[in-house]
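Residue 483 is where the sequence shown starts when you use UniProt numbering, and the numbers rise one by one after that.
For each residue, glycine too, the CB sits at the ideal point set by N, CA and C.
None of these values were measured; they are calculated from a predicted model.
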Amino acid sequence: AAKSVGGDRWAWFDPIMDQLAATDALLGANLMQAIGRDELFLLYQPIVELPDGRFAGVEALVRWRHPEHGLVSPAVFIPLAERNGYIVELGRWVLEQVIRQAAAWQREYGDRAPAKVSVNISARQLQEPGFPAELAALLAREGADPRGLVAEVTETAVLGTGAALDAVKAISALGLRVALDDFGTGQSSLSLLVDCPAQILKVDKSFVDGVTTASPQAVIVDSLIAITEGLRIEAVAEGVETAEQAERLHRAGYRLAQGFHFARPLPAEDVALLIDADRARPAQDGVGAGHSG
Ligand code: C2E
Ligand code: MG
Ligand code: MG
Ligand code: MG
C-alpha cells in the first residue's frame, strides 16, 4: 500500500531511514504544538567588541524544551520546521518576542541599550509575500526602534529567489540592518555583496576554527576583513572559543566577535546584568582600578 505511493522505495526498504523518517514526522508533529504549549523560549548570545569583550549586542537563539526529549537543538528542529512549513509560524513567534524584548531594553536603557539585537530569518519567511509588512506592523505595535535590530539571513536564503532579495531590501528600507550569516558556507557568491544591502557580514565558525593555524581558513578570514573594510561593512567573527583566536582575529582587524570564549547564549535577565556592568565600567576606569583581569 504505502510503498506504491510516490516511489520513495529506498526509504521504504531501509529500516534505519524508515525509523528516521518516523522520528522526523513525530518530532515534527510535536513541534507544531510547541508554541501553544509554551515549550519554546529564547536565549541571547552576546556579541562583543575586540579585544576587551565589551558588550556590543546580542543574537536571539530559539530553544525548544520537548516534554520527553528535553532540549532539542535548533540545528535539528529549525530544518525540520523548514521542511514541514511550521517555520513561518515559529519565525513569527520568535520575531514578536525579540522585537518586544528589544523595545523593552530600548525603553529601559535608552542609548545604552544593545546596539544590535539580531534575529535569524529563514528562507521561507523571506519568501512569504507579507513578511516586510508584518515586520513593520510589529515594530509599530511594540514601539521598537528598527535601528537597534539586525536581520540575519544566509546567502542561500537570499539567493533562493528574487522575492527573497526584494524582502531583504524591504527589511533594510524599514531601518533594520541586514547581516549575512554563516558567510562563506552557503552558495557563496561575491556578487551578493553587490546586490544585497548588507551592513554586517558574519564570518562562519568553520573559518574561525582554523584562524590560529597556517590554513586556508586563516587566509579566508584575512581576506574577508579586507573585503568588509573596503565595502564599509562590519565583520563579526562567529564561534570564537579561545583567547588565541580572539587575539589573532583582533590583529587581523576584526572589531566584533561572538563565541563561547566570551559568552554562551543567556536568558534576557542575564543580558540586563551585562548591560548594567557595561554601564558601570567607565566609573571603575576612573577609579584607576588598573588591570581588570
Ligand atoms: P547561527 O545563526 O549561526 O547561530 C550561531 C550558533 O552557533 C548558535 O547555535 C550558537 O549557540 C552557536 N555558537 C556560538 N558561539 C559558539 C562557539 O564558540 N562554539 C560553538 N560550538 N558554537 C557556538 P544554536 O543556538 O544551536 O543555533 C544553531 C542554528 O539554528 C543557528 O545558527 C541558526 O541558523 C538556527 N537558529 C537558531 N535560532 C533561530 C531562530 O530563531 N530562527 C531561525 N530561523 N533559525 C534559528
Ligand atoms: Mg545567526
Ligand atoms: Mg551564524
Ligand atoms: Mg554559523
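Start and end of the alpha helix (DSSP H) containing residue i?
i: H743; result: First-last for H743: undefined, no H or E at that position.
i: L589; result: With the sequence shown as reference, residue 589 is identified as Arg, and Leu is not the correct amino acid for it. Start and end: I569 to Y591.
i: V701; result: P698 to L713
i: D726; result: Note on identity: in this sequence residue 726 is Glu, with Asp being the wrong assignment. Per DSSP, E726 belongs to the alpha helix (DSSP H) from A725 to A734.
i: E564; result: P556 to N566
How big is the Cα-Cα spacing for residue i and residue j?
i: P556; j: L572; result: 12 Å
i: V540; j: I757; result: 11 Å
i: A680; j: D506; result: 34 Å
i: K485; j: L502; result: Low confidence applies to K485: its pLDDT is 42, below 50, so where it sits in the model is not reliable, and the reading given next is rough at best. One C-alpha to the other measures close to 16 Å.
i: T694; j: H743; result: 15 Å
i: G510; j: L522; result: 14 Å
i: W587; j: P596; result: 7 Å
i: F613; j: A696; result: 43 Å
i: P549; j: Q515; result: 11 Å
i: D534; j: Q583; result: 26 Å
i: N512; j: H732; result: 44 Å
i: G567; j: G657; result: 28 Å
i: P528; j: R536; result: 10 Å
i: L543; j: V601; result: 8 Å
i: V676; j: E711; result: 14 Å
i: D500; j: V558; result: 18 Å
Would you mind sorting residue i into buried or exposed? The rule is 16 or more other CB atoms within 10 Å of its CB.
i: V660; result: buried
i: S671; result: exposed
i: L553; result: exposed
i: G721; result: buried
i: R730; result: buried
i: G630; result: buried
i: V576; result: buried
i: R761; result: exposed
i: E716; result: buried
i: A759; result: exposed
i: residue 480; result: What the structure shows of the chain is the stretch from 483 to 775, and residue 480 is not part of that stretch, so it cannot be assessed.
i: L755; result: exposed
i: V701; result: exposed
i: L641; result: buried
i: E634; result: buried
i: D691; result: buried
i: Q727; result: buried
i: E590; result: exposed
Check residue i in the structure and name its three-state DSSP category.
i: G489; result: With a pLDDT of only 49 at G489, under 50, the local geometry of the prediction cannot be trusted, and the value read off the model is given with reservation. Note: G489 maps to coil in three-state DSSP.
i: E720; result: coil
i: I682; result: strand
i: V599; result: strand
i: G518; result: coil
The beta strand (DSSP E) with residue i in it runs from where to where?
i: A542; result: F537 to H548
i: V690; result: Unbroken run through V690 is the alpha helix (DSSP H), K687 to V690; no beta strand (DSSP E).
i: Q527; result: L522 to E531
Exercise for the section: Could you pull out every unbroken beta strand (DSSP E) segment of at least 3 residues lying fully inside the segment 604-676, listed in chain order? Expected result: Every unbroken stretch of the beta strand (DSSP E) spanning 3 or more residues and falling wholly within the segment 604-676 is given here in chain order: 631-636 and 659-665.
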